[in-house]
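Undergrad: Encoded as structure tokens, here's the structure I'll be asking about.
In UniProt numbering, the protein residues as written are 1 to 330.
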């Protein structure tokens, strides 16, 4: 708390109800009740943030605005309380008319999202029991389930699913909770979502699938789960015509390259630029991935749409070791 903050803010932060009562006799006026401290919080926001139920009650009784929001983002008292897990404060604010689905910050998060993302299970259950929208999305279209799936909170994922969260809800990019979990390598979450009927191979708007996310981020165990247990398509193409193998070769993820080839990935796939996985590996100087592809029979002579061969693109990029390997097999 800054030394320049009003005494009301100081008392609210400290939960000093005695001092707060005395100050409110003099300062129970909107000018003081809504005066922001150095963190942009009104006294009510500060009390909610700290979980001081009595202070919150006093400020509300003296006319503090329950849905006031911080100057630089629309955080309201209920968001501060929910983000900290102060259930008693949240219940009081709701009883006094706070908006249960109010949106905060530039991402438009709801109190439920903050509670779920921070693992406050009792608070999440209470909010849902009082009508919070379980699939209410943020500005990017992500639901609470998507956020907790990405964070890897298995207990919260199970809780939200048990309360009816949409297992295949899509964000603005067309990604699902399964894709979010796969991209972070949360194998246990992926399994839970699949157990609850999640589609194993959903395409996002750019054509990518959970297998792409897992390959790109080196999550080999998730890739095995999707390929071995779910039988997802190994050669799905994104909007650029790239397959998971293309992505793995481009990023030099040797284990992913081997696994995809073991499951029949098309070693000669050409994306919309005419680039094969080997061409992409050469372009980025991915020596280990290149050796794997060569060992599996990849052609070194396939040019891209601009007439550039793997050897030429490797030399152009200054990848001497890769260029020497290609020369040795040409």
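Just so you know, even glycine gets a beta-carbon here, dropped at the ideal spot from N, CA and C.
Do you know how far the Cα of residue 279 is from the Cα of residue 304?
TA: Taking the straight line joining both Cα atoms gives about 8 Å.
Undergrad: Can you list, in chain order, the residues of its chain with a C-beta nearer than 6 Å to that of residue 7? Leave out the 5 residues immediately preceding and following it.
TA: The residues are 23.
Undergrad: Which residue wins for smallest C-alpha separation from residue 316, given the options 295, 283, 216 and 294?
TA: Nearest C-alpha to residue 316: 283.
Undergrad: Please classify residue 104: does DSSP put it in a helix, a strand, or coil?
TA: Three-state result, residue 104: strand.
Undergrad: Determine the contact status of residue 104 and residue 79, defining contact as a CB-CB distance below 7 Å.
TA: Yes. Within cutoff.
Undergrad: Have a look at 193, 147, 164 and 183 and flag the residue whose alpha-carbon is nearest the alpha-carbon of residue 216.
TA: It is 183 whose Cα lies nearest to the Cα of residue 216.
Undergrad: What first and last residue would you give for the alpha helix (DSSP H) that runs through residue 72?
TA: That residue, residue 72, is in no alpha helix (DSSP H); it is neither H nor E in DSSP.
Undergrad: For residue 176 and residue 29, I'd like the C-alpha separation in whole angstroms.
TA: Looking at the two C-alpha atoms, the distance is approximately 48 Å.
Undergrad: Whole angstroms is fine: what's the gap from residue 2's alpha carbon to residue 209's?
TA: Residue placement at residue 2 cannot be trusted, given a pLDDT of 47 that sits under 50; what the coordinates show is reported in the next sentence. In a straight line, the C-alpha of residue 2 is about 49 Å away from that of residue 209.
Undergrad: Keeping to the same chain, check which residues put their C-beta closer than 6 Å to that of residue 83; ignore five residues upstream and five downstream.
TA: These residues qualify, in order along the chain: 114.
Undergrad: Within the same chain, show all residues whose beta-carbon is closer than 6 Å to that of residue 112, passing over the 5 residues directly before and after it, in chain order.
TA: For residue 112, where only same-chain residues beyond five positions count, the Cβ hits under 6 Å are 127, 132 and 144.
Undergrad: For the putative contact between residue 45 and residue 74, defined by C-beta atoms under 8 Å, what is the C-beta separation to the nearest angstrom?
TA: About 12 Å separates the two Cβ atoms, so there is no contact after all.
Undergrad: Measure from the alpha carbon of residue 301 to the alpha carbon of each residue in 62, 288 and 326, then state which is nearest.
TA: Checking every option, the nearest Cα to that of residue 301 belongs to 326.
Undergrad: Given a cut-off of 7 Å, decide if residue 223 and residue 214 are closer than it, judged by their beta-carbon atoms.
TA: It is a contact, given that the beta carbons lie within the stated cut-off.
Undergrad: How would you write the range of the alpha helix (DSSP H) that residue 126 sits in, first residue to last?
TA: From DSSP, the alpha helix (DSSP H) with residue 126 extends over 121-129.
Undergrad: Just to confirm before moving on: does the CB-CB distance between residue 47 and residue 12 stay below 7 Å?
TA: In this structure, residue 12 lies closer than 7 Å to residue 47 by Cβ.
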